[in-house]
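First comes the structure, then the notes that go with it.
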Amino acid sequence: MSSDVDMTRLGPGAQAVRLSFRFVVALAALAALAWITSNVRRIPADSRAVVTRFGEFVRTQDAGLVIAWPRPFENVVLVPGRASVLALPIQSLERDPRARAADPATSADALPDTRMSTADATGGDSPGDDAPSDANATTGNAAPADDGSLPDALAGSGYLLTGDNGVVQLSATLYYRVANPYAYMLQKDRLNAALERVVSASAVEVVAGRDLDAILVARPEALRSDPTMALERERLRDDLAQAIEQHLRALEAEHAGLGVDVSRVDVQAAFPAAAAGAFNSVLTSLQQAERAIAEARTAAERRRQEAQQRADRIVEDARARAAERVATAQASTAVIQQLEVSLQGHGDPGLTARAYRDRVERIFAKAAHVTTIDPRDASHLILPGNVR
Numbered sequence: 001m002s003s004d005v006d007m008t009r010l011g012p013g014a015q016a017v018r019l020s021f022r023f024v025v026a027l028a029a030l031a032a033l034a035w036i037t038s039n040v041r042r043i044p045a046d047s048r049a050v051v052t053r054f055g056e057f058v059r060t061q062d063a064g065l066v067i068a069w070p071r072p073f074e075n076v077v078l079v080p081g082r083a084s085v086l087a088l089p090i091q092s093l094e095r096d097p098r099a100r101a102a103d104p105a106t107s108a109d110a111l112p113d114t115r116m117s118t119a120d121a122t123g124g125d126s127p128g129d130d131a132p133s134d135a136n137a138t139t140g141n142a143a144p145a146d147d148g149s150l151p152d153a154l155a156g157s158g159y160l161l162t163g164d165n166g167v168v169q170l171s172a173t174l175y176y177r178v179a180n181p182y183a184y185m186l187q188k189d190r191l192n193a194a195l196e197r198v199v200s201a202s203a204v205e206v207v208a209g210r211d212l213d214a215i216l217v218a219r220p221e222a223l224r225s226d227p228t229m230a231l232e233r234e235r236l237r238d239d240l241a242q243a244i245e246q247h248l249r250a251l252e253a254e255h256a257g258l259g260v261d262v263s264r265v266d267v268q269a270a271f272p273a274a275a276a277g278a279f280n281s282v283l284t285s286l287q288q289a290e291r292a293i294a295e296a297r298t299a300a301e302r303r304r305q306e307a308q309q310r311a312d313r314i315v316e317d318a319r320a321r322a323a324e325r326v327a328t329a330q331a332s333t334a335v336i337q338q339l340e341v342s343l344q345g346h347g348d349p350g351l352t353a354r355a356y357r358d359r360v361e362r363i364f365a366k367a368a369h370v371t372t373i374d375p376r377d378a379s380h381l382i383l384p385g386n387v388r
C-alpha cells in the first residue's frame with residue numbers, strides 16, 4: 001500500500017523513470033540469466049562437444065546435455081561424433097580446367113573403356129563446411145604463356161608418374177572420422193587444405209612405386225605373364241589409405257596432428273585423355289600381332305602334323321617292304337639251309353636229289369632243246385656246228 005501511495009504522490013515524470021528503471025532491471029536480469037545459461041545446450045546424437053576455458057582444453061562430452069561456464073570463461077564447440085564419416089573429394093588430383101581445355105579433343109566414349117574403379121563411392125555423412133577450400137592447389141595460379149603454350153606445371157596438372165615412366169590420372173575421395181576432437185577443432189579452418197596436400201603426396205608416393213599395369217589394365221598381355229598385377233590393382237586403395245595414415249601419424253609426432261583417422265579411400269584410375277587414343281592403338285596392334293601369331297602357330301602345327309603323318313606312312317611302308325623282303329629271302333634260302341643241315345649228316349639224305357630234280361626241271365623247261373649223254377660212256381664226242 002505504501003508503494004502505491006508513493007506512486008500516487010510522485011509526478012508523472014518520476015513514475016515513468018521508476019517504471020523504466022524496473023524494466024531495465026528486469027531486462028538485465030533476463031540477459032544475465034541468458035548469458036549464464038548460454039553454454040548449457042543439448043548435444044545431438046551425431047556430434048561431440050569440446051569445452052575450452054580461456055582457449056585451454058578442458059574436456060570433451062558425447063551426446064547429451066553439456067553444462068559449461070558462459071563466455072568468455074568457457075567455450076563449447078560442436079564437432080562430428082565418433083560414428084560420423086566425413087567425405088572429402090580430392091580436387092588437387094583433378095586436371096586444371098585450363099589444361100583440360102588445351103588437351104587434344106578425344107571422343108567421349110573412348111575414355112570410360114580405359115577407366116578402372118577400385119572402389120564404389122558409397123555414402124558417408126558430409127557436413128556443409130567440408131567443401132574443399134584449396135581446389136587445384138597443386139596446379140598453382142600459373143597463367144598460360146604468351147605464345148599460347150601452357151607452363152609445365154599447368155600442362156602436367158592432374159597427371160601422376162608411375163614407376164615405369166607411365167602417366168595416369170587419379171580421382172580420389174577421402175572418407176575420415178574425427179579421432180581427436182580438440183585437434184580437429186584447432187585445425188578445422190585448415191583441415192581441407194591439409195588433407196588435400198596429404199592425399200596428393202600419398203598418391204604421388206604410391207603411384208611412383210607401381211608399374212602402370214599395377215594401377216589399371218594397360219597391357220592385357222602382361223596378365224598372363226604376371227598374374228600378381230591383378231592383386232596389386234586390388235591393393236591400390238589399401239596402400240593409398242596406409243600412406244595417408246602414415247602422413248597423419250607423422251604430423252601427430254610433430255604436434256601438428258589434424259585429429260582425424262582415415263576410414264577409407266575411393267580411387268578411380270584412368271589414362272590421360274590425350275594418351276587414350278595411343279593406348280588404344282597399341283592395344284589394337286598387340287591384338288593383331290597376337291592373332292597373327294596364333295594363326296602362324298596353327299599353320300605350323302598343321303604342317304607338323306601333316307609331316308608327322310607322312311613320316312609315319314613312310315616308316316610303315318618301309319617296315320612292310322622290309323618284312324616282305326625278309327620273308328622272300330627266308331623262303332628262297334630255306335632249301336639251302338636244309339641242304340646245309342643234310343650235308344652235316346643231320347637232315348634228309350634224299351633232299352639233295354629232290355632239290356636237284358626240282359631245279360633241273362625248271363631249267364630244262366626254259367631250254368629250246370636238250371642233248372643228253374651217258375656220263376659213263378667216253379666213246380662219244382659231241383661237237384657243236386653243222387655236220388656235212
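At position 379 of the sequence shown (counting the first as 1) the number is 379 in UniProt numbering, and the numbers step up by one without a gap. Just so it is clear, CB atoms sit at the ideal spot from N, CA and C, and this is done for glycine as well.
Quick check on DSSP: helix, strand or coil for residue i?
i, result
"phenylalanine 279", "helix"
"serine 157", "coil"
"valine 387", "For valine 387, the pLDDT reaches just 48, beneath the cut-off of 50, and the residue's location in the model is therefore unreliable, leaving the point undetermined."
"isoleucine 90", "coil"
"alanine 368", "coil"
"aspartate 312", "helix"
"isoleucine 363", "helix"
"isoleucine 373", "coil"
"threonine 333", "helix"
"glutamine 187", "coil"
Buried or exposed for residue i, going by 16 or more other Cβ atoms inside 10 Å?
i, result
"residue 389", "The first residue shown for the chain is 1 and the last is 388, placing residue 389 beyond what the model contains."
"histidine 247", "buried"
"serine 281", "exposed"
"proline 12", "exposed"
"glycine 257", "buried"
"proline 181", "buried"
Just to confirm, are residue i and residue j a CB contact at a threshold of 7 Å?
i, j, result
"valine 79", "arginine 53", "no"
"residue 409", "threonine 162", "The shown model of the chain, from 1 to 388, leaves out residue 409, and the question about it has no answer."
"proline 89", "threonine 173", "yes"
"arginine 197", "aspartate 261", "no"
"alanine 183", "glycine 259", "yes"
"valine 265", "arginine 237", "yes"
"valine 58", "valine 51", "yes"
"alanine 214", "methionine 229", "yes"
"alanine 355", "valine 370", "no"
"proline 272", "glutamine 169", "yes"
"glutamate 295", "alanine 243", "no"
"leucine 154", "alanine 99", "yes"
I'd like the span of the alpha helix (DSSP H) that includes residue i, first residue to last.
i, result
"arginine 249", "236-253"
"alanine 29", "12-36"
"arginine 98", "97-102"
Where do the ends of the beta strand (DSSP E) carrying residue i lie?
i, result
"glutamate 56", "56-61"
"asparagine 75", "74-80"
"leucine 65", "64-67"
"valine 50", "47-53"
"leucine 212", "From DSSP, leucine 212 is part of no beta strand (DSSP E); its letter is neither H nor E."
Any Cβ of chain B within less than 7 Å of the Cβ of residue i?
i, result
"arginine 95", "Among the chains in the structure shown there is no chain B, since it carries only a single protein chain."
| query | Can you find at least 3 beta carbon pairs, one from the stretch 90-105 and one from the stretch 60-80, that sit closer than 8 Å? | reply | no
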